[in-house]
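Since the structure comes first, as structure tokens, the remarks are kept for the end.
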Amino acid sequence: MLRVAVVGATGVVGETILRVLDERNVPVDAIGRFASRARDGVEATSAQRLREFDVVFFASGEDASESYAPELVARGTYVIDNSSTFRMREGVPLVIPEVNADTVDARQRLFPVANCTAIILCTALAPIRDVAGLRSVRVATYQSASGAGRAGLDELFAGERAIARGEDEPAAAAFPRPLARNVIPQIGSFDASGYSGEERKVAEETRKMLGLPALFVSATTVRVPVRTAHSEAVWIETERESDVAALGAALAAAPGVVYHETGIVTPREVEGTDLVHVARLRREDADASRRFALWCVGDQLRKGAATNAVQILELLLARGLVE
Ligand SMILES: NC(=O)c1ccc[n+]([C@@H]2O[C@H](COP(=O)([O-])OP(=O)(O)OC[C@H]3O[C@@H](n4cnc5c(N)ncnc54)[C@H](OP(=O)(O)O)[C@@H]3O)[C@@H](O)[C@H]2O)c1
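For the sequence shown, numbering that gives the first Met the number 0 gives the first residue as 0, with consecutive numbering after it.
What follows is the structure, encoded as structure tokens:
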């Protein structure tokens with residue numbers, strides 16, 4: 000008997016978790032849907048009700064994860080948390096099943112799901128790390144509106160509608176500037192060094208997931224007026240000499256990756272899918288044997304959040320840890 004709860008069931012990630020559980024035929028016997036308040040088919044979240052479940056997905060915010068997850072974990076409930084609350088905790092694995100399933104052990108009950116941009120990046124970079132090592136990563140992102148939740152998506156649509164009708168645009172609230180017909184080079188707040196919260200997460204979590212604590216990572220994260228799926232332009236320096244053929248072969252053979260040897264791939268083409276697409280792999284210049292550039296794209300609601308979360312449950316089921 001597997002009882003699963005989704006906290007944040009009315010949000011864009013929560014509803015995607017429910018869809019992915021169904022699509023992948025995860026053998027769930029009972030499912031509870033929770034949000035900040037009750038409505039049709041959805042209960043208000045309470046610690047008491049969550050104790051009745053074997054696995055609890057959190058797709059809400061840091062507040063809910065902080066309030067409910069520690070007690071559940073202490074009781075032996077499996078918690079799979081999409082918020083950033085526990086990601087950088089020592090001894091807590093940050094699992095991408097295709098990349099580091101070996102970090103899961105039988106005692107672990109808490110599974111944070113990493114930042115969506117970092118998951119897409121690491122899925123693309125792990126095969127390269129394996130064949131040539133990685134010394135540095137520089138990345139510029141093109142992140143979609145739904146990365147800021149339902150409010151972000153609604154704000155983009157409202158802005159697009161207002162512009163199309165020649166009306167005044169609603170004031171920006173989910174983003175620091177209006178997003179329609181714009182790009183915004185700020186996701187999260189800036190620290191004294193000038194990096195944003197999202198940029199810090201991408202750097203820290205990429206090092207953790209790739210198991211390379213000394214890896215140099217510099218990110219510029221940018222919001223673009225795309226509905227769903229994040230794109231990333233990436234420049235890497237490998238430890239060892241390599242070439243496009245070898246790195247391309249590694250990408251083509253990697254689980255979870257679609258490698259496009261030629262041509263391009265765009266966010267609209269990958270929306271609603273679960274794989275990370277890599278294209279435009281090239282040497283940085285004709286002589287470069289350790290410096291390469293590439294383009295990667297993935298649906299951040301699915302592989303960057305919900306699908307990765309459900310894959311963690313599937314991994315626990317496959318290992319007999321959750322029955
Ligand atoms: N969007 C993405 O691409 C993405 C990717 C990776 C990770 N994440 C993370 O996933 C989480 C959910 O993000 P989202 O984009 O799905 O947000 P969202 O669309 O704004 O949805 C938030 C959900 O959380 C619920 N909620 C808010 N406060 C709550 C509380 N105190 N107790 C219980 N439920 C509460 C909301 O319920 P009501 O409807 O009742 O308000 C809603 O169901 C966040 O931690 C986010 O950082 C998001």
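Beta carbons: idealized from backbone N, C-alpha and C, even for Gly.
Asked: Let me know the alpha helix (DSSP H) ranges lying completely inside the stretch 40-86, each 4 residues or longer, listed in chain order.; Found: 46-49, 61-74
Asked: Run the proximity test for C121: is its beta-carbon closer than 7 angstroms to any non-hydrogen atom belonging to ligand 1?; Found: no
Asked: Check whether the Cβ of C115 sits closer than 7 angstroms to any heavy atom of ligand 1, and report yes or no.; Found: yes
Asked: Would you say S195 and T220 are within 8 angstroms of each other, going by their C-beta atoms?; Found: yes
Asked: I'd like to check one pair, V321 with R149: are the Cβ atoms closer than 8 angstroms?; Found: no
Asked: CB A228 to CB V19, shorter than 8 angstroms?; Found: no
Asked: In this structure, how does DSSP classify T227 when only helix, strand and coil are distinguished?; Found: coil
Asked: Closer than 7 angstroms to a non-hydrogen atom of ligand 1 - does that hold for the CB of V225?; Found: no
Asked: Does ligand 1 have even one heavy atom less than 7 angstroms from the beta-carbon of L71?; Found: no
Asked: Can you tell which of V264, F189, L1, A113 has the C-alpha that lies nearest to the C-alpha of G31?; Found: L1
Asked: Pairs of beta-carbons, one from the stretch 159-169 and one from the stretch 68-84, closer than 8 angstroms: are there three or more?; Found: no
Asked: Label V94 either buried or exposed according to how many other C-beta atoms from any shown protein chain fall within 10 Å of its C-beta, with 16 as the threshold for buried.; Found: buried
Asked: Please classify R301: is it buried, with 16 or more other beta-carbons within 10 angstroms of its beta-carbon, or exposed?; Found: buried
Asked: Under three-state DSSP, which class holds V309?; Found: helix
Asked: Give the DSSP-derived three-state secondary structure of I235 in the structure shown.; Found: strand
Asked: For the stretch 265-280 and the stretch 152-159, state whether three or more C-beta atom pairs, one from each stretch, are separated by less than 8 angstroms.; Found: no
Asked: Would you check if the distance between the CB atom of P143 and the CB atom of Q310 is smaller than 8 angstroms?; Found: Looking at the sequence itself, residue 143 is Ser, so the reference to Pro does not match. Cβ atoms of S143 and Q310: not closer than 8 angstroms.
Asked: Name the residue from P96, L109, V103 whose alpha carbon lies nearest to the alpha carbon of I79.; Found: L109
Asked: Considering only the alpha carbon of each residue, which of I127, E198, S188 lies closest to A251?; Found: I127
Asked: Hey, is the stretch 120-137 in contact with the stretch 231-238, meaning 3+ C-beta pairs nearer than 8 angstroms?; Found: yes
Asked: Quick check: the stretch 50-57 against the stretch 69-76, are at least 3 beta-carbon pairs closer than 8 angstroms?; Found: yes
Asked: Is P266 buried or exposed, if buried means 16 or more other CB atoms sit within 10 Å of its CB?; Found: buried
Asked: Counting only runs of 4+ residues fully inside the stretch 236-305, write out the alpha helix (DSSP H) ranges in chain order.; Found: 243-252, 266-269
Asked: Which term fits P177, buried or exposed, when burial requires 16 or more other beta carbons within 10 angstroms of its beta carbon?; Found: buried
Asked: Report the three-state DSSP secondary structure of V136 (helix, strand or coil).; Found: strand
Asked: Between the Cα of R88 and those of E203, A37, Y77, spot the shortest distance and give me the residue it belongs to.; Found: E203
Asked: Which residue marks the beginning of the alpha helix (DSSP H) containing R206, and which one marks its end?; Found: 196-209
Asked: How many angstroms separate the CA atom of P254 from the CA atom of A123?; Found: 10 angstroms
Asked: When you compare each of V296, S64, E22, A37 to V277 by their alpha carbons, which one comes out closest?; Found: V296
Asked: Counting only beta-carbon separations shorter than 8 angstroms, does K200 have a partner in chain D?; Found: Among the protein chains of the structure shown there is no chain D, as only one such chain exists.
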